[in-house]
Amino acid sequence: MSRIKIKDFGPIKATTSATDGWIDISKVTVFTGNQGSGKSTVAKLVSTFTWMEKVLTRGDFKEKEFTAAKFKNKYCGYHRISNYFIKERTEIVYEGEAYRFTYTRQGEFVIEKKSGALDGYVLPQIMYVPAERNFISMVNSPNLIKDLPDALLGFLTEYNNAKQRIKGGLELPINNAQLEYNKQNDIVSVKGEDYKVKLMEASSGFQSVVPLYLVSLHLSESVKGQAGNAQKMSSDEAKRFEAEVANIWNMPDLTDEQRRIALSAVSARFNKAAFVNIVEEPEQNLYPESQWMIMKQLLAFNNSLDANRLIVTTHSPYLINGLTVAVKAGMLLASCSSSDGMRERINSVFPAESAIQPDEIAIYEFNEVKGTVTVLDTYHGLPSDDNFLNNMLERTNEDFADLLEIQQEL
30 MSRIKIKDFG PIKATTSATD GWIDISKVTV FTGNQGSGKS TVAKLVSTFT
80 WMEKVLTRGD FKEKEFTAAK FKNKYCGYHR ISNYFIKERT EIVYEGEAYR
130 FTYTRQGEFV IEKKSGALDG YVLPQIMYVP AERNFISMVN SPNLIKDLPD
180 ALLGFLTEYN NAKQRIKGGL ELPINNAQLE YNKQNDIVSV KGEDYKVKLM
230 EASSGFQSVV PLYLVSLHLS ESVKGQAGNA QKMSSDEAKR FEAEVANIWN
280 MPDLTDEQRR IALSAVSARF NKAAFVNIVE EPEQNLYPES QWMIMKQLLA
330 FNNSLDANRL IVTTHSPYLI NGLTVAVKAG MLLASCSSSD GMRERINSVF
380 PAESAIQPDE IAIYEFNEVK GTVTVLDTYH GLPSDDNFLN NMLERTNEDF
430 ADLLEIQQEL
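With this note's numbering, you'll find the sequence shown wraps up at 439, consecutive numbering, no jumps.
Okay, here's the thing in structure tokens:
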């Protein structure tokens, strides 16, 4: 499991003290809190470090590429967080499966390769889904517009690839609608029972959910295919691969078993076998029922491979409460046998493909006033309902009750 610790970076003053300051990146990790509290800041750091670990492990870059200056200005600049560093105060530690990265208070950047780094490392496909994704649904040729955020351009590239997946009609998880794609004119349309409209003319909900769903589906299926089959390498990757294979065969002291293990480790580095999907506000512009429908799809994609990871930022109480249902379904599925019909009954209430085990999820609350991040408590394995979002709903009920009391005095 990867984890990150942050002090004095942007809006974050300190991360949770309950786990010695560490934020664990679980199979499902949720960041919730007020706007400007740092949810996307942490998500962007995790995305950056996950990518750095990947390219170092695969051999795309040497460690000397990642100087403190380049880490701060170039790689954090990709997500436009390079100005979040506070001189002589910022501290960041990211511990992945293969590498540990440390940005010190003195402005140094230290990279440490972990012992046995390749033993459990799975090469990931990383996707950062920005909140600005609806922009690419609204305009023609968004790639021609200057000064788009790099993260949005990266997402646009995968969106253009994903559109090729639309053959005939592609079912959407909301509104009983489907997608159609006119490849010749590069037009995506949303089609319902009695309507068809271009995506750029569709509702804001469709404009937000279509890029998210389409890219997540495309990458999930792509990685799932790669996980079981050899991926075609680029010419540079092939040269590095051949050199390392030759080096292994030229080691006379290796036993056949040791040579087999070494060759397997080298091969695994070039086959993506995990999808790390980092999504800002999946609920964006969606009705509560639709919010939960798309979230269940994201959970299903995440469950398609053991090594997949889903990281979500959200303001939605419906998603937090829905995740409690997903965990409860996972607990029941784990405790019942496959022959007594209970699994079918559970699946009729909640899809088994989207269920979560209690130890697979972590929810963190961000406090924009204190600048802190704390892990949400659990109750018998279920996420606590005592959270910021539910407390806000409770406060509105209390306000209404107070007004009723005043009414009685009129």
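For every residue, glycine included, the Cβ atom is placed at its ideal position computed from N, Cα and C.
According to the DSSP assignment, Q320 belongs to the alpha helix (DSSP H) that extends over P317 to N332.
Counting only residues of its own chain and dropping the five nearest sequence neighbours on each side, L199 has a CB closer than 7 Å to the CB of Q207 and L208. N169 and T58 have their alpha carbons spaced roughly 34 Å apart. Per DSSP, reduced to three states, the secondary structure at R424 is helical. In this structure, N337 sits near S249, with a CB-CB distance shorter than 9 Å. Your pair I375 and A355 does not check out as a contact, with CB atoms roughly 12 Å apart and the cut at 8 Å.
Bridge partners of Y128 according to DSSP: K142. DSSP places I174 in the coil class of the three-state scheme, outside both helix and strand. Following the DSSP letters along the chain, one finds Q207 inside the beta strand (DSSP E) bounded by residues Q207 to N211. Distance from the CA of I140 to the CA of L315, rounded to the nearest whole angstrom, comes to 41 Å. Fully contained in the segment 175–251 are the following beta strand (DSSP E) runs of length 3 or more, in chain order: 207–211, 216–220 and 225–227. If you compare the alpha carbons of G62, K301, A180 and R118 with that of G257, the shortest gap goes to K301.
P153 is bridged by DSSP to A303. Straight-line spacing of the CA atoms in Q386 and D37 works out to 33 Å. For R162, DSSP assigns no beta-bridge partner whatsoever. With fewer than three CB-CB distances shorter than 8 Å, the segment 312–331 does not count as touching the segment 273–291. A residue is called buried once 16 or more other Cβ atoms fall within 10 Å of its Cβ, and E126 is buried on that count. Beta-bridge annotation (DSSP): D53 is paired with R32. Counting along the chain, I349 sits inside the alpha helix (DSSP H) bounded by residues P346 to S364.
DSSP places E373 inside the alpha helix (DSSP H), whose first and last residues are M371 to V378. Counting along the chain, the unbroken beta strand (DSSP E) around R338 starts and ends at R338 to T343. Shown here, A97 sits in a helix according to DSSP, grouped into three states. Q326 places its beta carbon 9 Å or farther from that of Y210. Minimum Cα-Cα distance from K56 among the listed residues N350, L328, E273 and G88 corresponds to L328. In the DSSP secondary-structure assignment, F395 is bridged to G62 and V402. The C-beta separation of I323 from V238 comes to about 6 Å, placing the pair in contact by the 8 Å criterion. When rounded, the separation of the alpha-carbon atoms in Q213 and I165 is 18 Å.
Here DSSP, grouped into helix, strand and coil, assigns E389 to helix.
For A72, the enclosing alpha helix (DSSP H) stretches over residues K68 to R87. In the displayed model, I277 falls within a helix according to three-state DSSP.
Across the set E124, S144, E120 and L152, the C-alpha of E120 shows the shortest separation from the C-alpha of E137. Rounded to whole angstroms, the gap between the alpha carbons of P171 and F184 is 11 Å. The beta carbons of S31 and F78 sit closer together than 9 Å. Note on geometry: alpha-carbon atoms of K175 and Q193 lie some 25 Å from one another. About 6 Å separates the beta carbons of K143 and Y128, which is inside the 8 Å limit, making them a contact pair.
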